[in-house]
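Numbering (the numbering used here), first residue to last: 218 to 886.
No residue lacks a Cβ here, since even glycine has one placed at the ideal position from N, Cα and C.
Since we're looking at a predicted model, the values are computed, not measured.
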């Protein structure tokens, strides 16, 4: 509109030009020509008209004392609903769009002079599951009885074309009478798009679609990390026994072979001496256990025994084959001792095949192999497969485990300060009493890990997964954990003092009596959390989400900075928020009995339908706050600023507001 007719003083287009100065406008509406500088022509354009401009504002009515007395907060009976039509008047249509109209746009695209398109031949449908019955607009009790499933007719009333993006926005609207302001009678809403020329389906079809959407997801059975660990330990023990039995068998075989060869050698020497020969034969059994290769030992053996055939019935070829088999068996034994026997391997694979692949993979470093600590510190274990390996009690401070597979690994009482576990798989790992202070666990997965007594202070936990873990009394002070996942974890009496946990997930977690003093919890989610007695003194709670009937009974958050935080439907009975900043905070339908909000900044806060019985809000800034239908029985608002606050249908029995600023405050009529 800056190229259309107008100027800063022109109520129809304060952004325009042409009425003053030398710059002339470029756009006019055909037939509404500008002929003089005093023309009252409408501005030409395709964008929405602001509500304050004269051509829309004229459809407003005067909101006088009669309206306040008889109709507030509803629209007056003579209101012109065309006020809500933001498009310029010359772009209105009679009736509604069908959804398949052809559209031609001339000179509206830099490369396509004549642009042809069509609406997408689509219609929107909306269905509701609604309780039908008598219920007053002020009643917020849950409706009773079975809901009725029915359709809300929709009309396509708006088409918004963006030629820069070559996209269209289509808006369908419908009207549904409801029996309460919170629409508690509406249980479910189903909306969908379908072809305009599609078949007419029965209402039962759409009711079935809603039932499918509401059907609970089938969850996998809970993963028993302890049982899997026991299976793995049993397989390891069986493997050790089989290795010991195999080594014993090979030792016996070797002893038998050595005795047999020694006897034959003595016989050959005796016969040679009887024939007057001195063979000078060395101890030929040394070749079996020397560092020489088996092939070299066999060649040497052939040389030593070459002349014996002439003097004895000793079958050299047969005995050499026996030795070959013995040596081959020794090689096989050496290989098996370094790893696992094939049968044990198969048994272990059978166990592992029943474990989720993300939990445990085939080990590359078997348990029981000694760890070279110096090499570990120098080189690290980045991306190693170390599932099930025993690191208990070791000092692995600063070791690099980035991306390593450590499922089921044993770190009990290990020193892991400053170690790097970024992206590591620690599912089912044993971390009891481990020291992970200042360690890096960004993107690490600790699902089903055992973490009793683990130290976490100062660790980096961005996007780490602690979901469902037992972490009562844990020390997370000073940690940084952007997007960290503590959902459904047990964190009772744990410490997060001075922690940075922006966008962390505590949904469904038990954080009762946990200490988050001075923590940064911007945009963190405590939906459905059990947080009775939680401490958040001086914490940064901007945009914190604590809805879904979370329990913050007795919470202490005095001095907290919680602008735009949301506490709707939750319980904050006897909570202490003294001197906190809670601008635009949302407390709708929350239970706030006995809450302390004195000296708080609650400008524009929303307390609609909240129970604030016996609440203390003295000397609070409640500028433009709303308490519609709230229960303020015996509440204290003495000295508070209630300028332009709304208390429509609020319950005020026994409440006080001595010395409060109630200028332009909207009380119940």
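Rounded to the nearest angstrom, the gap between the Cα atoms of residue 859 and residue 867 is 14 Å. The alpha helix (DSSP H) runs lying completely inside the region 235-288 and spanning 4 residues or more are 271-274 and 282-287, given in chain order. Taking residue 704 as the centre and dropping the five residues before and after it, the same chain places the C-beta of 684, 685, 722, 723, 724, 725 and 726 closer than 8 Å to its C-beta, in chain order. In the DSSP assignment, no residue is bridged to residue 369. In this structure, residue 857 keeps its C-beta atom at 8 Å or more from the C-beta atom of residue 828. Residues 830, 868, 870 and 871 of the same chain have their beta carbon placed closer than 6 Å to that of residue 850, with the five preceding and five following residues left out of the count.
In this structure, the straight-line span from the alpha carbon of residue 434 to that of residue 771 is close to 35 Å.
At least 8 Å separates the beta-carbon of residue 344 from that of residue 314. According to the DSSP assignment, residue 405 belongs to the beta strand (DSSP E) that extends over 403-412. Residue pairing by DSSP puts residue 341 in a beta bridge opposite 410. Taken atom to atom, the span from the alpha-carbon of residue 404 to that of residue 820 is near 32 Å. Here residue 251 is actually not in contact with residue 240; their C-beta atoms are around 13 Å apart, not less than 8 Å.
Residues of the same chain with a CB within less than 8 Å of the CB of residue 738, apart from the 5 flanking positions on each side, are 718, 719, 721, 753, 756, 757, 758 and 761 in chain order. Of all C-beta pairs linking the region 630-639 to the region 652-664, three or more are shorter than 8 Å, placing the two stretches in contact. For residue 332, the enclosing beta strand (DSSP E) stretches over residues 331-335. When beta bridges are read from the DSSP output, residue 388 appears opposite 375. Residue pairing by DSSP places residue 823 opposite 803 and 843 in a beta bridge. Taking the CA atoms as reference points, residue 278 sits about 24 Å from residue 374. Bounds of the alpha helix (DSSP H) holding residue 431 are 420-431. According to the DSSP assignment, residue 323 belongs to the beta strand (DSSP E) that extends over 319-323. Annotated three-state conformation of residue 705 is coil, per DSSP.
Distances from the CA of residue 813 to each of 875, 601, 834 and 740 were compared; the closest alpha carbon is that of 834. By the C-beta density criterion, residue 260 is buried, having at least 16 other C-beta atoms within 10 angstroms. In the structure shown, residue 881 falls within a coil segment according to DSSP collapsed to helix, strand and coil.
In the DSSP assignment, residue 650 forms no beta bridge with any residue.
Around the beta carbon of residue 674, 16 or more other beta carbons lie within 10 angstroms, which makes this residue buried.
In the structure shown, the three-state DSSP call for residue 474 is helix. Residue 679 sits away from residue 695, with the two beta carbons spaced by 8 Å or more. The C-beta distance from residue 245 to residue 270 rounds to 17 Å, too long to fall under 8 Å, and the pair is not in contact. Inclusion of residue 802 and residue 837 in the CB contact set at 8 Å is not warranted, their separation being larger than that value. Here the alpha carbon of residue 845 sits roughly 52 Å from the alpha carbon of residue 652.
The bridge partners DSSP lists for residue 762 are 742 and 783. By the CB criterion at 8 Å, residue 713 and residue 701 fall outside the cutoff. Taking a contact to require three or more Cβ pairs closer than 8 Å, the region 275-289 and the region 323-343 do not qualify as touching. In the three-state scheme derived from DSSP, where H, G and I count as helix and E and B as strand, residue 307 is classed as helix. Its Cα nearest to that of residue 810, the residue 790 stands out among 796, 823 and 790.
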